[in-house]
Ligand SMILES: [Zn+2]
């Protein structure tokens, strides 16, 4: 495979990394890692190949990471490295002096209990309840808490890793992965495609593998592997649909890993191995657009990568657009339109939530001196998608697809910033057509808060039926008599998100008796219902609410539920009570958002 495009000559100014790739940068790393569940610690050595021209030093990012020894060029002598003062959420710069001919740096390190990327789970927090579990979440700038690295999305490198784990556990990485345990507990990983540091990942647990096709498979704990394999049966078809849209999949295998419920996100697009929340296992394959989403990142994000976190919309906007094109190819246009409509509703809510921070509703962000995690809103996802759909409608699908294909092909294994995208748009689509330029209005979408005036709303045809049934219920038809028989999760979500603002406890009771929302096995439906339960003081659902918040760590669900609780005095007490019990099960990504609200 040809990865020659991966050698950039210029680098963007990244406000979230101390490294200076323009003077010296990593091109390849060989890691050795020991995973110690007793101490909850990773101990490791990294052998870094450095590309530079007479640079006096190479700079790494580290945060809450203990550096024990540094050597240069394999010389058996400690080097005087410098660690600068700790900065909030950025951590420290690790300066290592170089000689003109230096090309190799060796760093020994140990993680600390504050390593925010890592979550060490007790056996009780797993499905099987007998073995501990470890997983990482490196995006956006947490890789530096478990490995010294140049932690900017614009810097790519290949890697290998020798990993030692307890013999009854299986480690997996964003690399070529084993499918069976090895009694020695020693494993070797290789990633031949150059990736940025935020895509580094490691999971260790009592895991087993099930194939889903020739290139796809799923890993999960033994007790959930069967349900996982059923849920994700269409993965290989999604991969084929994606390739026929935007070109060959360049990463070899595409596997999924189902994590314990504390995983803070829906999914994380770690290359070759998507990390996924178990909350998408609904039993009816109704929440698999998340798989399409993570798969789409194999192009948008992992192949063409946002240059800095200010350009995050390029990763997520393209991925949401691509995800829905995959869903459309598999399940039809009406189905995809439902996803767009639900996304549009979320976008409107986000615009409302961010009223006081209008600049955060531009696609291009300015996150300097802020935690890049703050840019992780629906704006990047749904406004980004909306903008791309807007262009698609103006130029037609055929021309738009040719444009996207060329975008992925031209910039594969490179990073892209917003200005670069705008230039490509100008050269490849607008091409001097002033009228088209006005209509596309890139300035309005990318650099102006909110939605441009006159943006038409999205409304799926299939939701009209839902609105009718909802209307009937409000006119007095009993909930049991509504025609809901063929509804998918998406219709139910539309129903729930469009319930009247005021509901009495007896109306809530009627809905629950008819549809069993409180104990729904579908996390999306249950979370949406529980939000109503809080708002309308439907106390019958409180035990289920507490159980949900204690079990699930996915921030997308936690935040609205806790926020709803915090609206009342009585709710505040309940929220803090539940949070005390639930917090040990949450990843740092979730607690860093929730602590300021609840502690
Ligand atoms: Zn994404």
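In the working numbering, the protein residues as written are 1 to 599.
Note that beta-carbon positions come from the ideal geometry of N, C-alpha and C, so glycine has one too.
Through-space distance from residue j to residue i, alpha-carbon basis
{"i": "residue 5", "j": "residue 400", "result": "Because the pLDDT of residue 5 is 49, which lies under 50, any placement of that residue in the model is unreliable, and the number read from its coordinates should be weighed accordingly. Roughly 23 Å separates the two Cα atoms."}
{"i": "residue 131", "j": "residue 378", "result": "36 Å"}
{"i": "residue 172", "j": "residue 252", "result": "16 Å"}
{"i": "residue 544", "j": "residue 515", "result": "15 Å"}
{"i": "residue 468", "j": "residue 497", "result": "14 Å"}
{"i": "residue 77", "j": "residue 585", "result": "43 Å"}
{"i": "residue 248", "j": "residue 26", "result": "27 Å"}
{"i": "residue 382", "j": "residue 317", "result": "6 Å"}
{"i": "residue 199", "j": "residue 182", "result": "25 Å"}
{"i": "residue 79", "j": "residue 63", "result": "20 Å"}
{"i": "residue 114", "j": "residue 38", "result": "16 Å"}
{"i": "residue 190", "j": "residue 160", "result": "4 Å"}
{"i": "residue 550", "j": "residue 300", "result": "34 Å"}
{"i": "residue 278", "j": "residue 261", "result": "6 Å"}
{"i": "residue 404", "j": "residue 574", "result": "49 Å"}
{"i": "residue 554", "j": "residue 285", "result": "19 Å"}
{"i": "residue 134", "j": "residue 504", "result": "44 Å"}
{"i": "residue 357", "j": "residue 380", "result": "15 Å"}
{"i": "residue 432", "j": "residue 390", "result": "19 Å"}
{"i": "residue 388", "j": "residue 548", "result": "36 Å"}
{"i": "residue 423", "j": "residue 429", "result": "10 Å"}
{"i": "residue 448", "j": "residue 16", "result": "23 Å"}
{"i": "residue 376", "j": "residue 14", "result": "17 Å"}
{"i": "residue 374", "j": "residue 477", "result": "44 Å"}
{"i": "residue 269", "j": "residue 154", "result": "17 Å"}
{"i": "residue 21", "j": "residue 598", "result": "40 Å"}
{"i": "residue 211", "j": "residue 280", "result": "19 Å"}
{"i": "residue 237", "j": "residue 580", "result": "43 Å"}
{"i": "residue 622", "j": "residue 583", "result": "Here the chain has residues from 1 to 599 only, and residue 622 is not among them."}
{"i": "residue 355", "j": "residue 594", "result": "20 Å"}
{"i": "residue 592", "j": "residue 293", "result": "25 Å"}
Option in the options with minimal Cα separation from residue i
{"i": "residue 306", "options": "350, 156 and 202", "result": "156"}
{"i": "residue 106", "options": "490, 193, 133 and 49", "result": "49"}
{"i": "residue 33", "options": "116, 59, 72 and 162", "result": "162"}
{"i": "residue 386", "options": "374, 441, 250 and 410", "result": "441"}
{"i": "residue 302", "options": "529, 376, 335 and 139", "result": "139"}
{"i": "residue 559", "options": "388, 533 and 590", "result": "590"}
{"i": "residue 58", "options": "65, 99 and 245", "result": "99"}
{"i": "residue 535", "options": "554, 525 and 508", "result": "508"}
{"i": "residue 94", "options": "403, 24 and 256", "result": "24"}
{"i": "residue 452", "options": "362, 228 and 569", "result": "362"}
{"i": "residue 36", "options": "51, 121 and 547", "result": "121"}
{"i": "residue 531", "options": "186, 493 and 513", "result": "493"}
{"i": "residue 158", "options": "142, 192 and 329", "result": "192"}
{"i": "residue 116", "options": "466, 502 and 263", "result": "263"}
{"i": "residue 487", "options": "282, 537, 462 and 472", "result": "462"}
{"i": "residue 465", "options": "482, 101 and 372", "result": "482"}
{"i": "residue 18", "options": "74, 118, 287 and 85", "result": "85"}
{"i": "residue 226", "options": "319, 274 and 127", "result": "127"}
{"i": "residue 66", "options": "73, 235 and 82", "result": "82"}
Residue i beta carbon near ligand 1 (any heavy atom closer than 7 Å)
{"i": "residue 316", "result": "yes"}
{"i": "residue 319", "result": "yes"}
{"i": "residue 168", "result": "no"}
{"i": "residue 269", "result": "yes"}
{"i": "residue 600", "result": "No answer is possible for residue 600: it lies beyond the span of the chain, which begins at 1 and ends at 599."}
{"i": "residue 297", "result": "yes"}
Residue-chain proximity (residue i, chain C), Cβ-Cβ < 8 Å
{"i": "residue 566", "result": "Here there is only one protein chain, and chain C is not present."}
### Query
Is it true that the region 327 to 339 meets the region 308 to 317, where meeting means three or more beta-carbon pairs spaced less than 8 Å apart?
no
### Query
Any contact of the region 364 to 376 with the region 345 to 354, i.e. 3+ C-beta pairs under 8 Å?
no
### Task
Assess, as a yes-or-no matter, whether the region 413 to 420 is touched by the region 320 to 339 under the definition of 3 or more beta carbon pairs within less than 8 Å.
no
### Query
Do the region 141 to 148 and the region 92 to 110 touch if we need at least three Cβ pairs shorter than 8 Å?
yes
### Query
Are at least three pairs of beta-carbons, each pair with one atom in the region 251 to 265 and one in the region 202 to 220, less than 8 Å apart?
Yes: the two stretches touch, three or more of their Cβ pairs being nearer than 8 Å.
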